[in-house]
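Report on one structure; see the data block that follows.
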Amino acid sequence: MTTKAFVIGHPIAHSRSPLIHGTWLKEHGIDGSYEAIDVAPADLPGFFERLRQGEFAGGNVTIPHKEAVFALCDSVDELARTIGAVNTLIVRDGKVHGTNTDYLGFLGNLDAAAPGWSDGPNDALVIGAGGAARAILVALRRRDGGKVHVLNRTLANAQALVDDIPGPFEAHGFDAFAELAPHIGLVVNTSSIGMHGTRFDWLDMGLLPKSTLVTDIVYTPLKTPLLAEAEAHGLNTVDGLGMLLHQAVPGFAAWFGVTPQVTPQLRARIVATLDH
């Protein structure tokens with residue numbers, strides 16, 4: 027019997043997930059399918075009924091449904107509750123379980139592209155205080171590094187995030203960057219700055235130590251203005267595409283019973299679909 031999985035969103039045509047999972051299905055010779063399904067917000071409850079009836083083994087959830095599916099799941103693990111979003115659904119015995127693999131995607135990406143990145147006691151700097159930042163804070167909390175400084179244009183939003191998730195976190199406005207920069211070993215951009223040609227006007231990469239690693243969770247464009255500027259200053263960089271690839275691994279393993287590998291060949295297939 028064919029095992030079926032999916033990604034739901036609205037719109038969904040842009041999703042690279044079918045290409046990722048389709049590659050793995052073929053690679054492992056699995057009798058399975060993975061399809062993109064456009065589900066409007068009003069149709070979510072009906073889709074969950076299809077899940078409970080056993081049509082799918084599970085699937086992924088993307089914008090705008092990551093928060094809305096909370097109320098529809100039969101159970102949601104503590105990790106997803108802390109992150110505040112569900113991106114992976116697993117169906118077992120007519121029940122739908124929700125989890126979040128974004129933090130694993132983030133860690134897997136850095137571990138693969140910059141081995142040893144978390145070995146030192148250096149502080150980290152996270153730009154942005156939205157939903158994406160929550161997953162990154164959870165990920166960084168898993169590694170025994172130094173402090174994590176959350177910088178946001180609106181200090182109150184950064185403070186609210188830090189207050190909500192226990193950990194070695196501190197909130198700051200953008201004006202704190204110059205003072206913090208000399209002690210930073212990792213910079214993570216979780217904000218939308220970098221898309222559509224936007225850039226930071228307050229971030230002087232020259233103030234960071236030469237050993238600092240800079241990463242951006244945005245992967246369109248693959249080399250964001252932030253990463254380009256970091257490279258120009260001789261800093262190491264990791265783009266955001268690997269996070270998308272690595273966050274897909276746990277779901278595939280749960281639905282199809284095989285743990286796939288993120289390979290250079292898979293990455294190349296996805297890069298070929300991106301606008302450069």
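When you line the sequence shown up against the numbering used here, it's residues 27 to 302, in that order. Heads up, the beta-carbon is just placed ideally off N, CA and C, and yes, glycines get one too.
Check whether the Cβ atoms of residue i and residue j sit closer than 8 angstroms, and answer yes or no.
i: ASN215; j: ILE153; result: yes
i: PRO276; j: THR127; result: yes
i: ALA197; j: VAL176; result: yes
i: ASN113; j: GLY268; result: no
i: LEU212; j: TRP143; result: yes
i: LEU70; j: ALA94; result: yes
i: VAL117; j: ALA83; result: yes
What is the DSSP secondary structure of residue i, reduced to helix, strand or coil?
i: SER59; result: strand
i: ARG118; result: strand
i: VAL33; result: strand
i: LEU252; result: helix
i: ASN178; result: coil
i: PHE195; result: strand
i: HIS91; result: coil
i: GLY84; result: strand
i: THR49; result: helix
i: ASP201; result: helix
i: SER144; result: coil
i: GLY156; result: coil
i: SER101; result: strand
Excluding the five sequence neighbours on either side, which residues of its own chain have a C-beta within less than 6 angstroms of the C-beta of residue i, listed in chain order?
i: PRO141; result: none
i: THR263; result: VAL240, LEU253, ALA256 and GLU257
Can you list, in chain order, the residues of its chain whose CB lies under 7 angstroms from that of residue i, leaving out five sequence neighbours each side?
i: GLY48; result: TYR60
i: ILE89; result: GLY35
i: PHE226; result: ILE219 and LEU252
Just reading off the beta strand (DSSP E) that residue i is part of, what are its end residues?
i: ASP137; result: Unbroken run through ASP137 is the alpha helix (DSSP H), 128 to 139; no beta strand (DSSP E).
i: LEU261; result: Element bounds for LEU261: n/a, residue is neither H nor E.
i: THR306; result: With the chain covering only 27 through 302, there is no way to say anything about residue 306.
i: VAL213; result: 210 to 215
i: ILE153; result: 149 to 153
So is residue i in contact with chain D if we call contact Cβ pairs under 8 angstroms?
i: TRP228; result: The chain inventory of the structure shown lacks chain D, comprising one protein chain alone.
The alpha helix (DSSP H) spanning residue i covers which residue range?
i: ALA279; result: 267 to 282
i: LEU239; result: Counting along the chain, LEU239 falls outside any alpha helix (DSSP H), though it belongs to the beta strand (DSSP E) covering 239 to 242.
i: ARG293; result: 290 to 297
### Query
Would the region 156 to 170 and the region 182 to 200 be scored as touching if the rule is three or more Cβ pairs under 8 angstroms?
yes
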